[in-house]
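Residue numbers (the working numbering): 164 to 632.
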Amino acid sequence: MTAPALLAFALVLSACAVGPNYREPEIPVADEFGAAGLLEPGQGEIERQWWRQFGDPLLDELVEAAVANNRDIAAATARLREARALRRERLFDFLPSITGTAGYDNVRQSASGTPGAPPGTIDREYELYDAGFDAAWEIDLFGRVRRANESARALAGAAAAARNQVVLSVIAEVARNYFELRGAQGRLAVARENAGNQSRALELVNERLEAGRGTALDTARAVAQVETTLASIPPLEAEVDRAMRRIAVLTGEQPGALVDRLSEPRELPSLPDTLVLGNPEDLLRRRPDIRVAERQLAAATAAIGVQVADLFPRITINAGIGLAAPRIGQLDDSGNDRRSFGPSLSWGLFDFGHVYQRIRAAGARSAEALANYEQAVLTALEETENSLSDFARERRRVEHLTRAAEASRQAADLATQRFEGGVSDFLTALDAYRTSLEAQDQLAISRTRAATALVTIYKALGGGWEVAP
C-alpha cells in the first residue's frame, strides 16, 4: 500500500470513536415550585443582577468591588484559565509533533567487527554528527485523542461554571452581610432609644422617691431595666463591627477599610410584593453548581472512551529528515542527507488486564459523577423550596410584628402618661416598656431575616454575573 493510500485509509477509520457518547441526563421535575403558592409569582425573566432591585447605590458599589477584587473569585478565575489552557493543549494532540535533533556520537565497536566483514577492514572507532527534524503523527483511529479533547472541553466548562458559582456566592455574601449590618444598626438604634427613654423614666422614679411618693422597689426595677437595655448594646455594636469587617474582606480590602462608608445607618430595603421565580426546569439550566456537576459527568463519560481506545492498536506516521557525517564540517556535503517515512503500530496485547481495570475505574467515576449530578439537582430544588418558604413565612411575620411594635409603642406611651399622672403604678409602665422594646427588637430581627431570605432565594435561583465556558 502506498503512503497516500495508507494515509487516506487511516483518515477514514479515524471517523469512529469508541466509548459511550454523552447525553445530558433527563431528570423529571415539577412544572412549578411547590412553595410558590405561598407567594405571588411575577411574570418575566429573572433579573440576573438581582441586587440592583434593592435600589441601594452603596450595595451596588460593594458588589462590583467584590466581583473585581475578591480573592476567592481571583482563585476561581485562575483555575478557569488553567482549565482552558489544558483544553487548548489537548487540541495540539491532533497535530504532528515535530522535534528538532542534533547529536554527536563517539563509537568504539567490538574487535570482532561487524558480522560478515573481514577483521581489520572496518574502523573500530569513529565519530558521527547528526542534525535534523523528526515528526510523529498519531492517527486517531479509535477516538482516543478526540475523547481526551472532549473530556478537557467539559472540564473547562466545569471550571467556568465553578467560577460562576463562586461569583454568585460572593455576591450573596456581600448582600447578606450588608443587610445584617443594616439590621444590627437598626436594632442598635432601637436599644439606644429605649435606653434613653428608660433613663428618663428612672429620673422620674427618683424624683418621686425623693418627694416621698415613690418606693425603693420602683427605683431598683427602673435601674435594672436601664442596665439590662444598656447591656444589650455592646453585643449589637460587635455585630455591626463584624459585618463591616466581613464586607471589607469580601471586597478585597483590609478589615477596617470600609468603616467610614458603612458606619452611617441606613434602612433595610422594602420587600417586593411579587417575585419572578421561573420554573424548576429553568433552574437546572441556570444554577452554576448543577452546571459544574453536569460538565464533570460529561468529562467522566468521555474519559471512558480514552481508556477503551487502549484496547485497540495505535498507528503513528513517522517521518524524519536530516544530515549525518563523521565530521561536523561534512554535514552539508553531497550524499550525507538522510530521510525516513513510514507507519508504526503499537498494541499492548499483553496489557489487557490493566486496560480492562482502567475502563472499569473510569466507568465507576462516571457513575459517581452521575450520582453527584442527580444529588446536585435534588439539593438545588430543596434549597429553592426552603428559601421560598422561609421568605414567605418571614414576610408574614414582619407584618404581624409591625402591628405589634406599633401597638406596644402606643401602650408604652399611655403607660408612661398614666404613671406620670399617678393613675397607675410603675410596674405597669415597666412591663409596657419591656414589651415595646422586645416587639421593636423582634421586628428589626424579622426584617433582617426577611431580607437575607430574599438574598437566599436569588442565590438558590442562580442569578449573578456569569462567564461563558
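Even glycine gets a Cβ: it sits at the ideal position worked out from N, Cα and C.
Just so it is clear, the structure is predicted and the values come from calculations on it, not from any experiment.
Among residues of its own chain, excluding the 5 on either side of residue i, which ones have a beta-carbon nearer than 7 Å to its beta-carbon?
i: D496; result: A488
i: I491; result: Y292
i: A613; result: L434, F554, E557, R558, V561
i: N499; result: L486, A487, A488, Q493
i: V386; result: L365
i: S509; result: P476, R477
i: A616; result: S550, D553, F554, E557
i: D194; result: N442
Taking residue i and residue j to be in contact with their CB atoms under 8 Å, please state how far apart those CB atoms are, rounded to whole angstroms.
i: A539; j: I620; result: With a Cβ gap of about 18 Å, A539 and I620 do not count as contacting.
i: V192; j: E545; result: V192 to E545, Cβ: 12 Å. No contact.
i: L541; j: P188; result: Actually they are not in contact, since the Cβ atoms of L541 and P188 sit about 13 Å apart, beyond 8 Å.
i: E343; j: A420; result: About 18 Å separates the two Cβ atoms, so there is no contact after all.
i: Q470; j: A525; result: 5 Å
i: E548; j: F196; result: 6 Å
i: G505; j: N481; result: 6 Å
i: G468; j: G266; result: Not quite, the Cβ-Cβ distance comes to about 38 Å (not below 8 Å), so this is no contact.
i: R251; j: A311; result: Not really, about 13 Å apart at Cβ, beyond 8 Å.
i: A568; j: A602; result: 4 Å
i: D297; j: G483; result: 4 Å
Output needed for residue i: all residues of its chain with C-beta closer than 6 Å, excluding positions within five of it in sequence on either side, in chain order.
i: T598; result: S571
i: Y185; result: A461, T464
i: L170; result: For L170, the predicted structure reports a pLDDT of 48, less than 50, and the residue's modelled location is therefore unreliable. A value from the coordinates is still provided. Nothing meets the Cβ criterion.
i: A228; result: T414
i: A166; result: The pLDDT assigned to A166 is 48, lower than 50, so where the model puts this residue is not dependable; a value taken from the coordinates is nonetheless given after this. Around A166: no qualifying Cβ.
i: A575; result: A595, Y596, S599
i: R581; result: S587
i: Q459; result: A321, A532
On the DSSP bridge list, what partners appear for residue i?
i: G505; result: N481
i: D297; result: T262, G483
i: D235; result: Per DSSP, none; premise fails for D235.
i: D500; result: L486
i: R271; result: E288
i: I302; result: I478
Beta-carbon separation of residue i and residue j under 8 Å?
i: V368; j: T391; result: no
i: A456; j: R528; result: no
i: L393; j: A352; result: no
i: A472; j: R307; result: yes
i: L600; j: R384; result: no
i: Y341; j: L438; result: no
i: S395; j: A347; result: no
i: R345; j: P428; result: yes
i: N233; j: V389; result: no
i: T264; j: A294; result: yes
i: P398; j: R408; result: no
i: K622; j: L225; result: no
i: G625; j: R449; result: yes
i: V329; j: I261; result: no
Excluding the five sequence neighbours on either side, which residues of its own chain have a C-beta within less than 8 Å of the C-beta of residue i, listed in chain order?
i: E288; result: N269, V270, R271, Q272
i: L590; result: D381, R384
i: L447; result: I190, V192, I453, V540, A543
i: L431; result: F342, R345, G346, G349, R610, T611, A614
i: I410; result: L225, V337, N340, Y341, L344, L421, L425
Between the stretch 359 to 377 and the stretch 238 to 253, are three or more C-beta pairs nearer than 8 Å?
no
Is the stretch 558 to 567 touching the stretch 218 to 237, taking contact as three or more C-beta pairs under 8 Å?
no
Would you check if the stretch 331 to 338 and the stretch 403 to 417 touch, i.e. whether three or more CB-CB distances between them fall below 8 Å?
yes
Do the stretch 600 to 610 and the stretch 582 to 590 meet, that is, are 3 or more Cβ pairs less than 8 Å apart?
no
For the 8 Å Cβ check, are there 3 or more pairs between the stretch 307 to 325 and the stretch 242 to 260?
yes
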